[in-house]
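Trainee:
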Amino acid sequence: MSPGKFITFEGGEGAGKSTQAKYLADYLEQQGFKVILTREPGGSPGAELIRNLLVTGGADKWSAEAELLLMYAARADHWQKRIHPALDQGYWVVCDRFADSSVAYQGYGRGLDLDFLNLLYKKTVGDRNPDRTYVFDIAPHKGLGRAAHRFIDGNKNEDRFESFDLSFHERVHQGFLTIAQQNQGRCLMVDANQSIQQIQDLIRQDICSYL
Ligand code: TMP
565 MSPGKFITFE
575 GGEGAGKSTQ
585 AKYLADYLEQ
595 QGFKVILTRE
605 PGGSPGAELI
615 RNLLVTGGAD
625 KWSAEAELLL
635 MYAARADHWQ
645 KRIHPALDQG
655 YWVVCDRFAD
665 SSVAYQGYGR
675 GLDLDFLNLL
685 YKKTVGDRNP
695 DRTYVFDIAP
705 HKGLGRAAHR
715 FIDGNKNEDR
725 FESFDLSFHE
735 RVHQGFLTIA
745 QQNQGRCLMV
755 DANQSIQQIQ
765 DLIRQDICSY
775 L
């Protein structure tokens, strides 16, 4: 096993995980660790190009299968060029979304075969799993409401997944709950209704068991 630690943040739209991923990366750096904060889809130059294809445009821009394969094309590049070398060099890699998002969105949300997703994981990432995963839990209608503000206030047009209907996001939510339930050793559920400070404290306390 590579010496670095691999920490992922997962959950539906508007759960606040990107903010918390940044706080955790800052905290770990303050503790003197070498840290990389990254994200998916994206995180390497090639994967960022693919991200742009995936997160812009209308919901039916891609078939479910094409969408999954693009996610995995991006992940394969990100893993080989950035995450894996960093873990080998002893970095803590904090990643805003990873393969659990494919299981929740393309598996549970879009109904693709979970065995096919597992095969893609094995062929691109191998047998390395995240060491710790924070799964942010928020009711989809609430998260989508928060995410909408991000687009109104911000400068982004990365709203393709938000434009899927509520029943899609309910299935994604159910998918994340199932993933957390089935991987209790790795995943910690985070109630995203708490304040930013409360969530930050919870994650810091939890990560201390790894320091
Ligand atoms: P972000 O808004 O959290 O950066 O993520 C972009 C979108 O990509 C988000 O709506 C979830 C989606 N996504 C998938 O559908 N499958 C995946 O494997 C990943 C990593 C993200």
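Note that this note's numbering has the sequence shown beginning at 565, numbered continuously upward. Note that the Cβ used here is the ideal one computed from N, Cα and C, for glycine as well. Fair warning: this is a prediction, and the values are worked out from it, not measured in the lab.
1. Please list, in chain order, all residues of the same chain as Gly621 whose beta carbon is under 7 Å from its beta carbon, the five residues on each side excluded.
2. With burial defined as no fewer than 16 other Cβ atoms inside 10 Å of the residue's Cβ, what is the status of Tyr655: buried or exposed?
3. Does the beta-carbon distance from Glu574 to Phe728 come in below 8 Å?
4. Applying the 10 Å Cβ sphere with the 16-neighbour rule, what's the burial state of Tyr862?
5. Helix, strand or coil: which one does DSSP assign to Ile702?
6. In whole angstroms, what separates the C-alpha of Pro605 from that of Asp677?
7. Within 10 angstroms of its Cβ, does His705 collect 16 or more other Cβ (buried), or is it exposed?
8. According to DSSP, is Arg768 helix, strand or coil?
9. DSSP on Asp695, reduced to helix/strand/coil?
10. Would you mind working out which of Trp626, Asp641, Ala756 and Cys751 sits nearest Phe570, comparing C-alpha positions?
11. What's the C-alpha gap between Gly675 and Leu651?
12. Work out the CA separation of Lys686 and His737 for me, nearest whole Å.
13. How is the beta strand (DSSP E) around Asp755 delimited, first residue to last?
14. Taking the alpha-carbon of Leu681 as reference, which of Asn693, Gln644 and Val667 has the nearest alpha-carbon?
15. Counting only the same chain and skipping the five closest in sequence on each side, list residues whose C-beta sits under 6 Å from that of Lys581.
16. Any chance the stretch 584 to 594 sits against the stretch 634 to 646, with 3 or more Cβ pairs inside 8 Å?
17. Would you list the residues sitting across from Phe570 in a DSSP beta bridge?
18. Mark Gln769 as exposed unless 16 or more other C-beta atoms lie within 10 angstroms of its C-beta, in which case mark it buried.
19. List the residues that DSSP assigns as beta-bridge partners of Arg781.
Mentor: On the basis of the data shown:
1. Excluding its 5 nearest sequence neighbours in each direction, Gly621 has C-beta neighbours in its own chain below 7 Å: Arg724, listed in chain order.
2. Flag for Tyr655 reads buried.
3. Going by beta carbons, Glu574 and Phe728 fall outside the 8 Å limit.
4. Residue 862 lies beyond the stretch modelled for the chain, which goes from 565 to 775, so this question has no answer here.
5. Coil at Ile702, not helix or strand.
6. Across the structure, Pro605 and Asp677 are spaced so that their CA atoms are roughly 20 Å apart.
7. Answer is exposed; the Cβ neighbour count stays below 16.
8. Look at Arg768 here: in three-state DSSP terms it is helix.
9. Shown here, Asp695 sits in coil according to DSSP, grouped into three states, outside any helix or strand.
10. Comparing alpha-carbon positions, the option among Trp626, Asp641, Ala756 and Cys751 lying closest to Phe570 turns out to be Cys751.
11. The straight-line gap separating the alpha-carbon atoms of Gly675 and Leu651 is approximately 32 Å.
12. Cα to Cα, the separation comes out at about 24 Å.
13. Its beta strand (DSSP E) spans residues Cys751 to Asp755.
14. Of the candidates Asn693, Gln644 and Val667, the one whose C-alpha sits nearest the C-alpha of Leu681 is Val667.
15. These residues qualify, in order along the chain: Phe573, Gly575 and Phe700.
16. Because the criterion of three Cβ pairs below 8 Å is not met, the stretch 584 to 594 and the stretch 634 to 646 do not touch.
17. Phe570 pairs with Val657.
18. Exposed: under 16 other Cβ atoms inside 10 Å.
19. The structure shown has nothing for residue 781, since the chain only spans 565 to 775.
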